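Q: Dropping the structure in here first, questions after.
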Amino acid sequence: MLLTPEHEEFRRSIRAWVEAEINPHVDAWEAAGIFPAHQVFASAGRLGFLGATKPEAYGGLGLDESFGAVLAEELGAIRSGGVAMAIGVQTDMCTPALAAEGGPALCEEWLRPAIEGRLVGCIGVSEAGGGSDVAALRTSAVRDGADYVIDGSKMWITNGTQADFCCLLANTSDGPVHRNKSLIIVPMKTKGVQITRKIDKMGMCASDTAEIFFDAVRVPQANRIGEEGMGFIYQMRQFQIERIWGAMNAVGIMRRAIACTIAYTSERRTFGRPLIANQVVQFRLAELETEVESVSALAMRAVEEVVAGRDATRLATMAKLRAGRTIRRVADECLQFWGGLGFASESEINRIYRDARLVSIGGGADEVMLQILAKMMGLLGR
Ligand SMILES: Cc1cc2nc3c(=O)[nH]c(=O)nc-3n(C[C@H](O)[C@H](O)[C@H](O)COP(=O)(O)OP(=O)(O)OC[C@H]3O[C@@H](n4cnc5c(N)ncnc54)[C@H](O)[C@@H]3O)c2cc1C
Numbered sequence: 607m608l609l610t611p612e613h614e615e616f617r618r619s620i621r622a623w624v625e626a627e628i629n630p631h632v633d634a635w636e637a638a639g640i641f642p643a644h645q646v647f648a649s650a651g652r653l654g655f656l657g658a659t660k661p662e663a664y665g666g667l668g669l670d671e672s673f674g675a676v677l678a679e680e681l682g683a684i685r686s687g688g689v690a691m692a693i694g695v696q697t698d699m700c701t702p703a704l705a706a707e708g709g710p711a712l713c714e715e716w717l718r719p720a721i722e723g724r725l726v727g728c729i730g731v732s733e734a735g736g737g738s739d740v741a742a743l744r745t746s747a748v749r750d751g752a753d754y755v756i757d758g759s760k761m762w763i764t765n766g767t768q769a770d771f772c773c774l775l776a777n778t779s780d781g782p783v784h785r786n787k788s789l790i791i792v793p794m795k796t797k798g799v800q801i802t803r804k805i806d807k808m809g810m811c812a813s814d815t816a817e818i819f820f821d822a823v824r825v826p827q828a829n830r831i832g833e834e835g836m837g838f839i840y841q842m843r844q845f846q847i848e849r850i851w852g853a854m855n856a857v858g859i860m861r862r863a864i865a866c867t868i869a870y871t872s873e874r875r876t877f878g879r880p881l882i883a884n885q886v887v888q889f890r891l892a893e894l895e896t897e898v899e900s901v902s903a904l905a906m907r908a909v910e911e912v913v914a915g916r917d918a919t920r921l922a923t924m925a926k927l928r929a930g931r932t933i934r935r936v937a938d939e940c941l942q943f944w945g946g947l948g949f950a951s952e953s954e955i956n957r958i959y960r961d962a963r964l965v966s967i968g969g970g971a972d973e974v975m976l977q978i979l980a981k982m983m984g985l986l987g988r
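Each residue of the sequence shown is one higher than the last, beginning at 607 in our numbering.
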């Protein structure tokens, strides 16, 4: 996919915002274990970043997915994977189905303020009983008059303690597991929504991750996205956008890992010369750079499919898998060249190493990606 001067201009505007508005604060936010989502999203919303790929009718920029990929990559320049991920949840995880399938009233009420950064969203799919097997989730939404009454719980919810709304996947009937679910917008201030804890994590520390209980939570049926029973299918489509975001964000983070390692090894001297003067260091970094380009190329092939209106499942799945595997290697091998400083929490590469581990788990673990691909190859059940 060829990027145009417009893409590069967009990239520069994101980079300038990250450097001026975000990076000066990330160390404090990492230490606090949370970042001010409303403040950051309002700032991103004013610049149009939160609605880059969303319809102009609701305040978006109406750009295609290639601009979303540039945004995801440039958010990798944020020196906190958790802050980037929180923005990614807003742009590419909890709003794509709403934009694609939500009617005008629902989009006006929830999508427009999400694009403007006035409301913070979260996506509620995973549960304590399991995240990989989405079809087996237990949370239910039962019709009662004009409402749904929601009971159950969600686990690992990014932005969960600060969110104004949740794009929730729940069972709305007892039918077959792929046809009994719906996506419902749940206002988080509704009676019965309880944020029971904020989870302590090894990485993504500035991102708040919550466990949330829903106890007889009453929500109008008008808050359902699209058709009842289509939630699983909508979520699988939404996952393709999430996985491309994850892959391209990983590309941005890997570029930063290599750049900061080049800077560090250029200054650090051992045996009378800069570390980077050793050919083994140069070759290793050149090899990692090549691997990053291969992930980027694969993810951009997936983007091409989305832009062309074709099913991107196969390539998006491969890109997510490759990104998860590659970022772990890049982070680990770069960290090695930082010596003891790489082991210290204070160094940039250490935070990258801790944050990077999530890519192979969140949004579907590597094994789930392999399961999807094996199924598409007709290998399951052989
Ligand atoms: C920091 C963080 C943020 C998150 N944010 C969100 C969010 O905002 N919203 C949301 O809904 N979820 C979120 N998640 C949840 C995430 O998507 C799940 O953790 C992930 O899908 C895995 O689910 P699980 O943790 O329940 O693992 P399980 O489903 O219990 O699986 C455990 C492991 O088993 C392996 N495995 C699973 N299935 C198979 C198989 N068929 N064959 C072989 N091995 C297999 C995988 O290695 C997997 O990691 C987040 C998670 C984290 C850690």
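Ideal Cβ positions, reconstructed from N, Cα and C, are used throughout, including at glycine. All values reported here derive from a predicted model rather than from experimental measurement.
Along the beta strand (DSSP E) that carries residue 776, what are the first and last residues, could you check?
A: 771–777
Q: Check whether the Cβ of residue 763 sits closer than 7 Å to any heavy atom of ligand 1, and report yes or no.
A: yes
Q: Counting pairs of beta carbons, one from the region 892–910 and one from the region 926–938, are three or more of them closer than 8 Å?
A: yes
Q: Could you name the residues that DSSP lists as bridge partners for residue 749?
A: 754
Q: Does the beta carbon of residue 844 fall short of 7 Å from some heavy atom of ligand 1?
A: no
Q: Whole-angstrom Cβ separation of residue 769 and residue 794, contact assumed at under 8 Å?
A: 5 Å
Q: Shorter than 7 Å, the distance from the beta carbon of residue 739 to the closest heavy atom of ligand 1, or not?
A: Indeed, a heavy atom of ligand 1 lies less than 7 Å from the Cβ.
Q: Report yes or no: do the region 955–972 and the region 675–693 share at least 3 C-beta pairs separated by less than 8 Å?
A: Yes: the two stretches touch, three or more of their Cβ pairs being nearer than 8 Å.
Q: Going straight from the alpha carbon of residue 626 to that of residue 952, what length do you get?
A: 21 Å
Q: Among 610, 703, 719, 700, which has the Cα closest to the Cα of residue 650?
A: 719
Q: Ordered along the chain, which non-local residues of its own chain (more than five positions away) have a Cβ less than 6 Å from that of residue 844?
A: 702, 703
Q: Would residue 974 pass as a contact of residue 738 if the rule is Cβ separation under 8 Å?
A: yes
Q: Less than 7 Å between C-beta atoms, sequence neighbours within five positions excluded: which residues of the same chain meet that for residue 895?
A: 864
Q: Check residue 768 in the structure and name its three-state DSSP category.
A: coil
Q: Residue 796 by DSSP, collapsed to three states: which one?
A: coil
Q: Do the CB positions of residue 745 and residue 758 come within less than 8 Å of each other?
A: yes
Q: With distance defined between alpha-carbon atoms, name the residue in 814, 714, 712, 858 nearest to residue 930.
A: Checking every option, the nearest Cα to that of residue 930 belongs to 858.
Q: Here's the rule I'm using: 16 or more other beta-carbon atoms within 10 Å means buried, otherwise exposed. How should residue 659 be labelled?
A: Buried, since its Cβ has 16 or more Cβ neighbours within 10 Å.
Q: Tell me whether residue 796 counts as near ligand 1, meaning its Cβ is closer than 7 Å to at least one heavy atom of that ligand.
A: no
Q: What are the uninterrupted segments assigned as beta strand (DSSP E) that are 3 or more residues long and contained completely in the region 699–744, given in chain order?
A: Within the region 699–744, the complete beta strand (DSSP E) runs of at least 3 residues are 727–730.
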